Amino acid sequence: MQTRYDAIIIGGGHNGLVAACYLAAAGKTVLILEKNRSLGGASVSHPLFPDYEARISRYAYLVSLFPSRIIRELGLNLRLRPRSIASYTPHGAGAGLLISNENPALTEREIRKLGAGEWRGYQALMEKQRAFAAIVWDSLLEPLKSRADWHRIFRSAGRPELWREFVERPIGELIETHISSDLLRGILFTDGKIGANAGANDSSLLQNRTYLYHVIGNGSGEWLVPEGGMGRIAEQLAGQARNAGVDWQTEAEVIGTTSVNGHKVVAFRHRGAEFEIQASHLLWNATPPCRRQPDPSGIDEGTSFKINMLVKRLPQPANRWVTPQQAFAGTFHIDEGYAQLEAAWQSAKRGRIPDTPAGEIYCHTLTDPTILSDELARNGYHTLTYFGLDLPYTLFTEDNEAAKKTVVTRVLKGLNRYLAEPLESCLATDRDGRACLEAKSPVDLELELGLPRGNIFHKGLSWFFAEKDAEVGRYGVETGRRNEWICGASARRGGAVSGIPGRNAAMAILKSP
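Numbering (the working numbering), first residue to last: 127 to 639.
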């Protein structure tokens, strides 16, 4: 390490690595300080169950918002694989809805079963999403425009209704206008629920912002599986950063930052010793102190619950017409009907763990088996990840471990209603007979990753435009302090595995006086 750098980045997650790569490529000296033992933040993979060679992403799973432009500019060797199935949603006695990414005829046939007009409404909504994405997506790597500017852009494009439907009115109204089926409404609205503490018609419109982030990625909104696991992204970025000359120190706990004679001074602790380093610019990949005060409405509260599992075989769905490979290749929705989502949200608002938690399961290994050893893959093992909704931080603050056990019990009970065999019988076990299952609550996410109140986006997601006059023409990464920037998820247009705020922070620095 040097004693002075052009830029110090606090936090070695994927956004900090993206910013470091761009700054170093421009000739800047860069130091990353990471409190954990390895870089990557939430975008890492671990052998969670030591008796098995399976590298599982503990915190993050799929990729949609990472721009192909960043991949090209940084020369990353990333392969993002499409999933053959978009989703499977069981309902009723042995029935289910299967939506394909490869077979439009199958999807049409399945949706038409839900009632007259459902296919037409579904197509109309998908067209609106694609049109909105085509107008907005590329702007996420550009300086911010004002709300009024964007309103004019949509009018000029001949699509003023998109602005009204996606930005001005609750997204629930748009879904309800086009879709009558409670089941399909719920499947669609889950895009507005991932990590968001809001209902379909909530006046905060947090659900709208969350919905948009989940449907506009790279212009298509398709969620892809990173070959080699989520850790592959951090590994590639770290390799590029190393090649560009970036320095980093892991197990470095930042204990203070000050400004002295126009320079930033960062104090950190490493293995019991304390150090001070100077820099011209300070970048926060972690949420800076000025952004850690949560909104009193609860809009910033984390609501995501995660269960990571290794199974020795995939369970057969109760619907015998669907194979386990079809059911789990995409997103397996559990109790995510429109009314069920509302009921779970209302239960959580009353401070109660929902009796039937709403959530969904992903199987990485059906699309990308490379995270398993050859032996495990040959023997039919798979990874499953459950992502629960409407399980806010406050439900776990009194007794985190007890609340987690309650949630896991209720999740498994809810899932088993839709399976021909209990999931517990499919779980791999370690040498001591313990099931290969790990649960993470919002409280765990705060303790392990420093996510404020366990919010996977660091806070409620922002709009894609400037909400203050002072933000127009800027990148949304400013802190209000000279030469101090946000390069992480709490920046405007931050959130998810995207690299967008990392690149935007680097561009803001490189274009600053």
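Note that beta-carbon positions come from the ideal geometry of N, C-alpha and C, so glycine has one too. Predicted, not measured: the structure shown is a model, and the values here were computed from it.
Do you know offhand how far residue i's Cα is from residue j's?
i: L206; j: E353; result: 6 Å
i: M435; j: E287; result: 43 Å
i: S190; j: Y214; result: 19 Å
i: G318; j: L309; result: 15 Å
i: L538; j: V372; result: 45 Å
i: L149; j: T155; result: 8 Å
i: A168; j: G139; result: 7 Å
i: I497; j: S183; result: 9 Å
i: G345; j: L515; result: 26 Å
i: W374; j: I158; result: 4 Å
i: P414; j: N609; result: 14 Å
i: I261; j: G220; result: 41 Å
i: L577; j: A631; result: 20 Å
i: Y519; j: K432; result: 13 Å
i: R273; j: C489; result: 39 Å
i: G559; j: T316; result: 35 Å
i: E377; j: D525; result: 28 Å
i: S638; j: L270; result: 15 Å
i: L502; j: I313; result: 32 Å
i: R195; j: D264; result: 9 Å
i: Q532; j: A484; result: One point to set straight first is that residue 532 is Thr, not Gln, in the sequence displayed. So the two alpha carbons sit approximately 14 Å from each other.
i: D570; j: G284; result: 47 Å
i: K254; j: H459; result: 23 Å
i: R122; j: P216; result: Outside the modelled stretch of the chain, which goes from 127 to 639, sits residue 122, for which no answer is possible.
Using the rule of at least 16 other Cβ atoms within 10 Å of the residue's Cβ for burial, across every protein chain shown, is residue i buried or exposed?
i: M98; result: No answer is possible for residue 98: it lies beyond the span of the chain, which begins at 127 and ends at 639.
i: Q366; result: buried
i: V386; result: exposed
i: L409; result: buried
i: N505; result: exposed
i: E527; result: exposed
i: I403; result: buried
i: A465; result: exposed
i: A322; result: buried
i: W447; result: exposed
i: D426; result: buried
i: P230; result: exposed
i: D595; result: exposed
i: Q472; result: exposed
i: S226; result: buried
i: D461; result: buried
i: A364; result: buried
i: A529; result: buried
i: Q419; result: exposed
i: T511; result: buried
i: E299; result: exposed
i: N411; result: buried
i: L573; result: exposed
i: S616; result: buried
Who are the near neighbours of residue i in its chain, counting only those whose CB is closer than 6 Å to its CB and skipping five residues on each side?
i: L587; result: R335, T336, Y339, G621
i: E564; result: L174, N434
i: H389; result: Q404
i: L440; result: P450, F454, H508
i: W349; result: L188, S190
i: F258; result: L288, F292
Please list, in chain order, all residues of the same chain as residue i whose beta carbon is under 7 Å from its beta carbon, the five residues on each side excluded.
i: G247; result: H304, I305
i: L492; result: Q451, F454, A455, H508
i: R181; result: S171, H172, P173, G355, G357, I497
i: D204; result: According to the sequence shown, residue 204 is Leu rather than Asp. Excluding sequence neighbours, L204 sits near I197, P352, R358, I359, Q362.
i: E244; result: I237, R238, I305, S306, S307, L310
i: G201; result: Q366
i: A324; result: S330, L332, Q333
i: D421; result: G586
To which residues does DSSP link residue i through a beta bridge?
i: Y214; result: L224, F458
i: W611; result: L409, E604
i: Y488; result: T457, T511
i: K530; result: Note: K530 sits in no beta bridge, so no partner.
i: Q404; result: R130, V391
i: S183; result: S171
i: K432; result: F513, K566
i: I144; result: Residue identity check: residue 144 is Val in the sequence provided, not Ile. None; V144 has no bridge partner.
i: T555; result: A561
i: A592; result: S272
i: G166; result: G139
i: P443; result: L545
i: I497; result: DSSP, once it has assigned bridges, lists no residue as partnering I497.
i: R207; result: V351
Below 8 Å CB to CB, which residues in the same chain sit around residue i once its five sequence neighbours on both sides are set aside?
i: E400; result: I381, A393, F394
i: D494; result: R207, V351, P352, E353, G354, G355
Discussion item. Going residue by residue through the segment 245-327, where are the continuous alpha helix (DSSP H) segments of at least 4 residues, counting only ones entirely within it?
Written reply: Counting only runs of 4 or more, we get 273-282, 286-289, 297-304, 308-315.
Hey, which unbroken runs of the alpha helix (DSSP H) at 4 residues or more fall wholly within the segment 337-403?
Given a length threshold of 4 residues, each whole run of the alpha helix (DSSP H) inside the segment 337-403 is given here in chain order: 357-370.
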